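To start, the structure under review is shown below, and the notes come after it.
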Amino acid sequence: MEPSQLFKGYNFLLVPFLRTKLASFRHNLYTKNGATLYPTINQFAKQVKKFNSELIPDYYDSEEALHYTTIIVVEDEEKLTDMTSLSSYLKVPKSGFPLDEYKVLRLAWVTDSLEEKKLLPYSKYLFSFPEQKGKVKRERESESLSDVKEEKEPSKKRKRKSVDEEHSLIFEKLASPPKIEDIKKKVLADSESLRASTPESDEEDLKNMSNNELIIHYFSQMAKERKVEGLQFKSLSYLRAINAIKNAPKEIECREDALSIPKIGKSLADHCVEIIETRKFGQLKRQQESTEAHVMKELQKIHGVGAVISEKWFNHYGVRSIPDIFEKVPESEFTDAIKLGLYYYYDWNQKIPREEVTAHSEFVSDVGKKIDPKFIVQTVGSYRRETKTCGDVDFFIMKEDCNDETKLSQFLTTLVKELFKSGYLKCSLFPAHDQLLKFLTGGQLTDKKFCRRVDFLAVKWKYRAGALIYFTGNDILNRYMRTLANNKGLRLNNEGLFKPKRRVIDEANKMGIRLSKMHFKEDDWTLVEGEDEEKIFNLLGLRYLEPKDRNIGNLSEIGGFRL
DNA sequence: AGGCAGTACTG
DNA sequence: CAGTAC
DNA sequence: GCCT
42 MEPSQLFKGY NFLLVPFLRT KLASFRHNLY TKNGATLYPT INQFAKQVKK
92 FNSELIPDYY DSEEALHYTT IIVVEDEEKL TDMTSLSSYL KVPKSGFPLD
142 EYKVLRLAWV TDSLEEKKLL PYSKYLFSFP EQKGKVKRER ESESLSDVKE
192 EKEPSKKRKR KSVDEEHSLI FEKLASPPKI EDIKKKVLAD SESLRASTPE
242 SDEEDLKNMS NNELIIHYFS QMAKERKVEG LQFKSLSYLR AINAIKNAPK
292 EIECREDALS IPKIGKSLAD HCVEIIETRK FGQLKRQQES TEAHVMKELQ
342 KIHGVGAVIS EKWFNHYGVR SIPDIFEKVP ESEFTDAIKL GLYYYYDWNQ
392 KIPREEVTAH SEFVSDVGKK IDPKFIVQTV GSYRRETKTC GDVDFFIMKE
442 DCNDETKLSQ FLTTLVKELF KSGYLKCSLF PAHDQLLKFL TGGQLTDKKF
492 CRRVDFLAVK WKYRAGALIY FTGNDILNRY MRTLANNKGL RLNNEGLFKP
542 KRRVIDEANK MGIRLSKMHF KEDDWTLVEG EDEEKIFNLL GLRYLEPKDR
592 NIGNLSEIGG FRL
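If you read the first sequence in the numbering used here, its first letter stands for residue 42, the second for the next number, and so on.
Next up, the structure:
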């Protein structure tokens, strides 16, 4: 390979600094391409000193520049177990050294960059220690959306921006989606390097399953298939049936057994019989094998793409794969949300290990505490339901006795700004408006590989329980509770449990429609309960469910809950 | 035959 | 308003 | 796809 000077101006701290033949060969390659290599901090620090005195005597600029161009390259991942081992390999002096302010990248970043003849974004190559507990580091620059090349040229004259200017700049940057070229690049790179994890096909387990377990197994897959097809209510029927089967007193042996279970009608009973007798579900298999279903499923994993858009892309534009989208679908079809959905296609479809969500929680709540310790930042969603993995991270914000939306909004705005400045927040799925109470974004911890979906919701104190129930979910429980409320002439929403005022009842009667169909106007309904979760459950005639018992309809659910 | 949760955001 | 997401 |  001819020297490209690709890494010109870059400092590589190599850990461990290996002296094998192969390593020497690699090191030679790095230096040929312009990199300067360092085995220990001591030698690097000398360079830092020189760097700082030679360049503009502006601490801010020079340090920042150094951060852009200094990379810790992990040459042997197995030898690095934690921060301590990293320090010892680099021989960090007693006086200390801010190691955690530098990017720690896997060797693959260097080799892939050489291969591609360009500096690749760091995001996919961030090294993280195995089993690392939630300790999180800050990063100085916000990467990801901008190209690495832009980052390595720090602006020479960085003047202090006014608060307003900085504010609008941050939100502008958060809101603007990446360029199509960059999206394409990342999506293609992801689909290559990070081959889709093989779907767990547990043929063996199927044989050992009881009738009911097998039916649930197939039904839950069928629910997904129906949803992808856009048949949301059929999908819902399967989910409801699953829950009913879980609560059924005995094994389903025949058609009558199935029909005796609520939510199982003629059609589902037939499916049950087929599954019991053949241990297979033909309709499901055919569905799963059709290319249309397969492609639609892939497309709908893009945030912002649902049943209608995926169908259009499949039939009208002939899209058959994710990379296909860039060839066949006109750019005008991409909303900002879809652009982000594509850019983070791979990231956002990964399950998040519970431990990582804990790390997110600690990081975000620490930032929140520094802004104002009186605000409570609680992690809800599936994390609160104690699931082992989460699809996203949900943050719930409130402050004791605070029902002032302006105050809540101010806090959330500041929080978002700080999180952006620290490099954690990467994007926003819709522009932040003046009363910022809800914010949907992507967030990434510096030592983690993936950007995650992160949601924020700030709520008034008096509505905290209603909001908490809503935001904790799961969705099936939410729907069930709202239906229950309707049946009692009440109304449950994101704020709390409401009862109708006299005149609404009269009006509904006069119009001959159900109360729940009445347009919800604050004036027409009285808040019954919004501060106590347990009271809301009880008012609906339910026993209180601990968050961990709210995974209704989930395969991993234990115990079951009678809906 | 009509409902199936209720709300908020984009375009 | 339709579409999507929470 | 089930229930009313």
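Virtual Cβ for every residue (Gly too), placed ideally from N, Cα, C. All of these numbers come straight from a predicted model, not from anything done at the bench.
- For Gln419, the three-state secondary structure derived from DSSP is strand.
- When DSSP reads this structure, Ser469 sits in a beta bridge with Thr482.
- Within the same chain, and ignoring the five residues on either side of Thr81 in sequence, the residues whose Cβ sits closer than 6 Å to its Cβ are Leu131 and Lys132.
- Residue nearest to Phe512 within the set Lys542, Asp433 and Asp564 is Asp433 (criterion: CA-CA distance).
- The beta-carbon separation of Glu587 and Leu538, rounded to 19 Å, does not stay under the 8 Å limit for a contact.
- When Cβ pairs closer than 8 Å are counted between the two stretches, the stretch 446–458 is seen to touch the stretch 402–422, the count reaching three or more.
- A Cβ-Cβ distance of about 13 Å is found for the pair Lys120 and Ser128, leaving them out of contact under the 8 Å criterion.
- A residue is called buried when at least 16 other Cβ atoms come within 10 angstroms of its Cβ; Asp565 meets this threshold and is buried.
- Following the DSSP letters along the chain, one finds Met439 in no alpha helix (DSSP H) but inside the beta strand (DSSP E) bounded by residues Val434 to Lys440.
- In this structure, the CA atom of Gln451 is about 12 Å from the CA atom of Lys440.
- Asn288 and Tyr521 have their C-alpha atoms spaced approximately 15 Å apart.
- Pairwise C-beta distances place the stretch 467–485 out of contact with the stretch 543–563, as fewer than three of them are shorter than 8 Å.
- For Pro139, the number of other beta carbons within 10 angstroms of its own is below 16, and it is reported as exposed.
- Taken atom to atom, the span from the alpha-carbon of Lys220 to that of Leu161 is near 16 Å.
- Residue pairing from DSSP places Pro394 in a beta bridge opposite Thr430.
- Per DSSP, Thr81 is not a residue of any alpha helix (DSSP H), being assigned neither H nor E.
- Under the three-state reduction of DSSP, Val500 is assigned to coil, being neither helix nor strand.
- Counting C-beta atoms within 10 angstroms of its own C-beta, Tyr585 has fewer than 16 neighbours from the protein chains shown and is therefore classed as exposed.
- If you check the CB distance, Ile305 and Ile286 come in under 9 Å.
- Using a Cβ distance threshold of 9 Å, Thr447 and Phe436 do not count as a contacting pair.
- Going by beta carbons, His208 and Ile256 fall outside the 9 Å limit.
- The alpha-carbon of Leu525 is positioned some 7 Å away from that of Leu581.
- Leu449 is the residue among Asn527, Arg395 and Leu449 whose C-alpha sits nearest the C-alpha of Asp413.
- Taken in chain order, the whole beta strand (DSSP E) runs of length 3 or more contained in the stretch 292–350 number zero.
- For Val151, the uninterrupted alpha helix (DSSP H) segment begins and ends at Leu148 to Glu157.
- Taking the CA atoms as reference points, Tyr465 sits about 20 Å from Asp223.
- DSSP places Thr111 in the strand class (E or B) of the three-state scheme.
- Distance from the CA atom of Ile113 to the CA atom of Val228, rounded to whole angstroms, is 26 Å.
- For the set Ser301, Asn592 and Leu325, the Cα lying nearest the Cα of Gly514 is the one of Asn592.
- If you keep only unbroken beta strand (DSSP E) runs of at least 3 residues inside the stretch 484–551, you get 493–499 and 538–541.
- Taken through DSSP and simplified to helix, strand or coil, Leu54 comes out as strand.
- In this structure, Ser278 sits near Leu309, with a CB-CB distance shorter than 9 Å.
- By a beta-carbon distance limit of 8 Å, Leu146 contacts Leu167. Their separation comes to about 6 Å.
- Just so you know, the alpha carbons of Asp442 and Val115 end up roughly 49 Å apart.
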